[in-house]
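UniProt numbering numbers the first residue of the sequence shown as 1 and each following residue consecutively.
A virtual CB, placed ideally from N, CA and C, is assigned to each residue, including glycine.
Worksheet: the structure to be examined is printed underneath.
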Amino acid sequence: MNKLGRTLVPDYLKDLKVYQAGKPIDEVVREKGLTRISKLASNENPLGPSPFAIKEMTGGLWDLHRYPDMHAYQLKKSLCELYNLKPENIILGNGSEGIMAYIVRAFLQPGDEVLTSDNTFIGFYILARSVGAKLCTVPLTEDYRFDVKKLAESITDKTKAIYIANPNNPTGTYITKDEFDHLMKFVPDHVIVLLDEAYFEFANHHEDYPDSMDYRYDNVITLRTFSKAYGLSGIRVGYGFAHEELISNLSKVKLPFEPNLIGQLGANGALYDKPHLERTLRNNTKRYNETVNFLLEKNFNPIKSITNFITFKTGSAEASDWMFDKLLDQGVIIRALKANEMPDFVRVSIGTKEEMQHYFEAMENILPEYDKLFGRAE
1 MNKLGRTLVP
11 DYLKDLKVYQ
21 AGKPIDEVVR
31 EKGLTRISKL
41 ASNENPLGPS
51 PFAIKEMTGG
61 LWDLHRYPDM
71 HAYQLKKSLC
81 ELYNLKPENI
91 ILGNGSEGIM
101 AYIVRAFLQP
111 GDEVLTSDNT
121 FIGFYILARS
131 VGAKLCTVPL
141 TEDYRFDVKK
151 LAESITDKTK
161 AIYIANPNNP
171 TGTYITKDEF
181 DHLMKFVPDH
191 VIVLLDEAYF
201 EFANHHEDYP
211 DSMDYRYDNV
221 ITLRTFSKAY
231 GLSGIRVGYG
241 FAHEELISNL
251 SKVKLPFEPN
261 LIGQLGANGA
271 LYDKPHLERT
281 LRNNTKRYNE
291 TVNFLLEKNF
301 NPIKSITNFI
311 TFKTGSAEAS
321 DWMFDKLLDQ
331 GVIIRALKAN
341 EMPDFVRVSI
351 GTKEEMQHYF
361 EAMENILPEY
371 DKLFGRAE
């Protein structure tokens, strides 16, 4: 770093690592010269966006010379009707990460302690550290779940916020209603709880899953997104629910005109296409079960997930990297989890029937060599 960089950049930013996204399809095409690509790395909706969303976005193209509605009236109105809220309880942003950034900007300062788990969403780690907050983590349980009891025991007078991804990325596991109730008994009123429910639509049919809308705590901020089940990753729209006082303060640091015009239109259209969401969930359930069965037949032990991805152990960082590279050679993109401090695991997103068949075929091709080099993880 040059002298200017050393002078201007705070110490807590100098060693911060940039978030690494899943490998793009175009990049693989350029590198490998392949025509058949199955991207199973970023937990996207393989069925694509709703036709309703496309229609709404297409209609908005003629208005791109105008600024979007700064208050996103129509999208907020739709969310109010769906979740029985007031507009004052809703904030919108560029994906749920955008709202996380507002939260960090509004409520955290250098030295504040933020409590969360190991092996959870990297994006939150980066955002918390970007303002100089101290990240305090507890290990996952033996079955790769947030350890709620240890989180409760780890709350101190310096704790300013608690982050829980429920379901968790990259493990796909979740905390139950009883566990959430237990945790909240120990959380002081002045401590903000961020409930990241990016995979809510895949999880909410489980009876013991704690839908945050059933609680309405004054110090809980719910984060959700249109990037996963709604198939709108490319337009980056997320939404948050909270007490109006929290939302009011978040609005002070929110960038104006987020989300953009096309994002607002697409998200609103997607909300009204319930059949598309139902097709998405049916495809996910069927392909998930097929993938779990395949991995079990091949003597891998996937973590039980309630999301649109599956994580399983390879046994070593070397084995994970080898599997990633060999599958990439055949046009299948998965996610190695070194950045999540799970180097001996990989994550596979659920795709279409054709994409998962491509994955199964590619795995069949590489497993004989894999066994000679690594065997199967215990």
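In this structure, residue 243 lies away from residue 38, with their beta-carbon atoms at least 7 angstroms apart. The stretch 98–115 makes contact with the stretch 128–139: 3 or more CB pairs, one atom from each, lie closer than 8 angstroms.
Runs of the alpha helix (DSSP H) lying entirely within the stretch 52–89, each at least 4 residues long, are 73–83 in chain order. C-alpha of residue 317 to C-alpha of residue 344: approximately 5 angstroms in a straight line. Selection 361, 366, 333 and 367 evaluated against residue 43 yields 333 as nearest (Cα-Cα). Note on residue 266: 16 or more other CB atoms within 10 angstroms of its CB, so buried under the neighbour-count rule. Nearest neighbour of residue 351 by Cα position, chosen from 8, 46, 9 and 33, turns out to be 46. Under the DSSP definition of a beta bridge, residue 135 partners with 114.
Taking C-alpha positions only, residue 99 is separated from residue 219 by approximately 15 angstroms. Per DSSP, reduced to three states, the secondary structure at residue 158 is coil, with no helix or strand assignment.
Beyond the five residues adjoining it in sequence on each side, residue 253 comes within less than 6 angstroms, by CB distance, of 102, 105 and 106 in the same chain, given in chain order. In this structure, the beta-carbon distance from residue 97 to residue 59 does not fall below 7 angstroms. Contact between the stretch 286–303 and the stretch 84–97 is absent, with fewer than three C-beta pairs closer than 8 angstroms. Around the Cβ of residue 276, a 10 Å sphere holds 16 or more other Cβ atoms; the residue is buried. With 16 or more neighbouring CB atoms inside 10 Å of its own CB, residue 230 falls in the buried class. Between residue 327 and residue 362 a beta carbon distance of about 5 angstroms is seen, short of the 8 angstroms cut, so the two are scored as contacting. As computed with DSSP, residue 302 is found in a beta bridge with 312. For the pair of segments examined, the stretch 287–307 was found not to touch the stretch 73–89: the number of CB pairs separated by less than 8 angstroms stays below three. Under the three-state reduction of DSSP output, residue 349 falls in the strand class. Taking C-beta atoms under 8 angstroms as the contact rule, residue 192 and residue 161 qualify, at a distance of about 5 angstroms. For residue 222, same chain residues with a beta-carbon under 8 angstroms away, outside a window of 5 residues either side, are 195, 197, 212, 213, 240, 241 and 242 in chain order.
Membership of residue 280 in the alpha helix (DSSP H) is indicated by the continuous run 274–297. Burial state of residue 225 is buried, judged by a 10 Å Cβ sphere holding 16 or more other Cβ atoms.
Exposure of residue 64 is indicated by the presence of fewer than 16 other C-beta atoms within 10 angstroms of its C-beta. The beta carbon of residue 68 is closer than 7 angstroms to those of 257, 260, 261 and 264 in its chain, skipping five residues each way along the sequence. In summary, residue 86 is exposed, with fewer than 16 beta-carbon neighbours lying within 10 Å of its beta-carbon over all protein chains present. Nearest Cα to residue 30 within the set 340, 331, 134 and 336: 331. DSSP places residue 123 in the uninterrupted alpha helix (DSSP H) bounded by 122–130. Per the C-alpha coordinates, the member of 155, 150, 140 and 72 positioned closest to residue 113 is 155.
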